[in-house]
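Counting along the sequence shown from 1, when you hit position 322 you're at 322 in full-length UniProt numbering, and nothing is skipped either side. Idealized CB from N, CA, C, for every residue including glycine. Bear in mind the structure is a predicted one, so any value in this text is a computation, not a measurement.
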Amino acid sequence: MNTIIQNENIIPFQDHFDQYIKAYLTERDWSKTAALLAESFCGFGTGLEERTYNLAEALLLYEKDIESAPNQIQVHFHKQELQLIDANNALVAAELDMETVILEQTVKFNNLRLLLVMHRDEKKVEIVGMHLSFPTDVHESDESFPLKELEERTHLLRKMVDQRTKSLKQAYDELADLINRDRLTQLSSRHYFEEALINEQIRYKNFKRDYTLLLMDIDDFKSINDQYGHPVGDEILKSVAEIIRKIARKTDIVARWGGDEFVILLPETEIDMAKRIGESIREAVQNCEYQVAAEITLSIGISGSQANCEAQSLFRIVDDAMYRAKKSGKNQIVCV
């Protein structure tokens, strides 16, 4: 008889633990995770900054983790044991591995140790405490766990290549630079920008962080190449790229989209601010001195984040805005 009661008491706690794993690690859903925590929640992680004594602090840490690495995390439990402290309190002790994909790279974390405390009242089960440890030499004393490492791509890659030869490290660095940087202008590459745009759209959907796209095209650039030659055209491209780089903010991602087109991703930026930045770039490009007699100007399209629009669709919208600027007389900005 006692065994039956004990098993029945365990079921709500086990269900709640399973919901927590699904919401936080599988679905990466901040709001669902927050709903599973008690007002009295407190917890500790591996890093010095990973400690919380109230729910508000905890939710900030959860938001930071999910925002840093929004992709689904696969979980493999080596051991999981749920123990009843009494009828209304339970303890989960588990050892597990995690695996996810960051920037098309598989990242694994092994032998994590999780301790979770849950409380049940007449209405529901809630998580009141958590302790997560990560026994690995990847951590420094001030690094947070579990997801800070996932966004620190260079740190993780350096850990990998240090186990190989210096020539392999050099080859990897050259390959990464080739993929992520435009050779002529030294701006970010189209490949790098596309990845950044997808991640920014995920941030917008999860946390409603507005962002804006700004697409620019040099007016009548083909005629400049035809008249002065491609080497001169390349110098103009580099000059325009440098102007854009200097005016854009440090948080913006500036890339060469292709040919004579440039694009800027402006995180947490509304269209009015993007338009001011675009106007500064347009004026600076027009007023700069070049080694040709022709006037160098830009047509610019601007569009902001939209809830029901995927990253590629949003780019088509800003592309249409840019061509509308050209058709309307060039050397101007069209916002949509």
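Note down the Cα distance separating LEU60 from GLU67, rounded to an integer number of angstroms. Here residue 60 is taken as the residue at index 60 of the sequence shown, counted from 1. Here residue 67 is taken as the residue at index 67 of the sequence shown, counted from 1. Cα to Cα, LEU60 sits roughly 10 Å from GLU67.
CA-to-CA distance, ARG203 to GLU261, given in whole angstroms: Here residue 261 refers to the residue found at position 261 when the sequence shown is read from its first residue. Here residue 203 refers to the residue found at position 203 when the sequence shown is read from its first residue. Looking at the two C-alpha atoms, the distance is approximately 26 Å.
Using the three-state DSSP reduction, which class does LYS327 fall into: helix, strand or coil? Within the sequence shown, numbered from 1, the residue matching residue 327 stands at position 327. If DSSP states are grouped into helix, strand and coil, LYS327 belongs with the helices.
Residues in its own chain within less than 6 Å of ILE198 by CB, not counting five upstream and five downstream? Numbered from 1 along the sequence shown, position 198 holds the residue referred to as residue 198. Here the set comprises ALA311.
Same chain only: Cβ atoms within 7 Å of LEU184, ignoring 5 sequence neighbours per side: As a working mapping, residue 184 is identified with position 184 in the sequence shown. If we look at LEU184 and ignore the five residues flanking it on each side, its Cβ neighbours are ASP234, LEU237, LYS238.
Please report the straight-line C-alpha distance between ASN111 and GLU27, rounded to a whole angstrom. Your numbering for residue 111 matches position 111 in the sequence shown. Your numbering for residue 27 matches position 27 in the sequence shown. Answer to the nearest angstrom: the Cα atoms are 22 Å apart.
Over what stretch of residues does the alpha helix (DSSP H) that includes GLY278 continue unbroken? Translated into positions along the sequence shown, residue 278 becomes position 278. Note, GLY278: alpha helix (DSSP H), 271-287.
What is the DSSP secondary structure of SER189, counted as helix, strand or coil? Within the sequence shown, numbered from 1, the residue matching residue 189 stands at position 189. SER189: coil per DSSP, three-state reduction.
For TYR20, count neighbouring C-beta atoms within 10 Å of its own C-beta (all shown protein chains included) and say buried if the count is 16 or more, exposed if not. For the purposes of this step, residue 20 is identified with residue 20 of the sequence shown, where counting begins at 1. Buried.
Based on the DSSP secondary-structure assignment, which residues constitute the bridge partners of LEU84? Position 84 of the sequence shown, counting from 1, holds the residue named residue 84. Its beta-bridge partners are ALA90.
How about ILE300 and ASP217: do their beta carbons lie closer than 9 Å? Position 300 of the sequence shown, counting from 1, holds the residue named residue 300. Position 217 of the sequence shown, counting from 1, holds the residue named residue 217. A contact, by the Cβ cut-off of 9 Å.
Nearest to GLN74 by alpha carbon, out of LEU25, LEU116, VAL92? One-based indexing of the sequence shown puts residue 74 at position 74. Measuring from the Cα of GLN74, the nearest candidate turns out to be LEU25.
Closest residue to LEU55 among GLN332, ALA34, GLY258, SER303 (Cα-Cα distance): Within the sequence shown, residue 55 is the residue found at index 55, counting from 1. Among GLN332, ALA34, GLY258, SER303, the Cα nearest to that of LEU55 is on ALA34.
Going by beta-carbon coordinates alone, are VAL240 and CYS309 separated by less than 9 Å? Position 240 of the sequence shown holds residue 240. Position 309 of the sequence shown holds residue 309. No, these two residues do not count as a Cβ contact at 9 Å.
Inter-residue CB distance, VAL285 and ILE296 (contact presumed, cutoff 8 Å): What you label residue 285 is simply residue 285 of the sequence shown in a count that begins at 1. What you label residue 296 is simply residue 296 of the sequence shown in a count that begins at 1. The Cβ separation is near 6 Å, so the contact holds.
Is the beta carbon of LEU266 closer than 9 Å to that of THR212? In the sequence shown, residue 212 corresponds to position 212, counting from 1. In the sequence shown, residue 266 corresponds to position 266, counting from 1. In this structure, LEU266 lies closer than 9 Å to THR212 by Cβ.
Among LEU82, THR269, VAL107, VAL232, nearest to LYS250 - alpha-carbon criterion: Looking up residue 250 in the sequence shown gives position 250. Among LEU82, THR269, VAL107, VAL232, the Cα nearest to that of LYS250 is on THR269.
How is GLN332 classed by DSSP in three states: helix, strand or coil? Stepping through the sequence shown from its first residue, residue 332 is reached at position 332. Three-state result, GLN332: coil.
Taking the Cβ atom as the reference point for each residue, do ALA38 and LYS32 lie within a distance shorter than 9 Å? In the sequence shown, residue 38 corresponds to position 38, counting from 1. In the sequence shown, residue 32 corresponds to position 32, counting from 1. Against a cut-off of 9 Å, the Cβ pair of LYS32 and ALA38 comes out as no contact.
Quick check on SER303: buried or exposed, where buried means 16 or more other Cβ atoms within 10 Å of its Cβ? Counting from 1 along the sequence shown, the entry for residue 303 is found at position 303. When all chains shown are included, SER303 counts as buried.
Shorter than 8 Å, the distance from the beta carbon of GLY233 to the closest heavy atom of the ligand HEM, or not? Summarising the ligand content, the structure contains no ligands, and the ligand HEM is consequently not present.
Could you give the DSSP three-state label for GLY233: helix, strand or coil? In the sequence shown, residue 233 corresponds to position 233, counting from 1. Reduced to three states, the DSSP call for GLY233 is helix.
Under 9 Å between the Cβ atoms of ALA255 and SER189? To locate residue 255, count along the sequence shown from 1; it is residue 255. To locate residue 189, count along the sequence shown from 1; it is residue 189. Contact flag set, yes.
In terms of alpha-carbon separation, which member of ASN89, ALA69, GLU57, LEU96 lies closest to HIS76? Position 76 of the sequence shown, counting from 1, holds the residue named residue 76. Among ASN89, ALA69, GLU57, LEU96, the Cα nearest to that of HIS76 belongs to LEU96.
Between which two residues does the beta strand (DSSP E) holding ASN111 run? Taking the first residue of the sequence shown as 1, we reach residue 111 at position 111. Looking at the DSSP string, the run of the beta strand (DSSP E) that includes ASN111 is 105-120.
Which of helix, strand or coil DSSP assigns to GLN74: Position 74 of the sequence shown holds residue 74. GLN74: strand per DSSP, three-state reduction.
Report buried or exposed for ASP219, applying the criterion of at least 16 other Cβ atoms within 10 angstroms of its Cβ. Looking up residue 219 in the sequence shown gives position 219. By the 10 Å Cβ count, ASP219 comes out buried.
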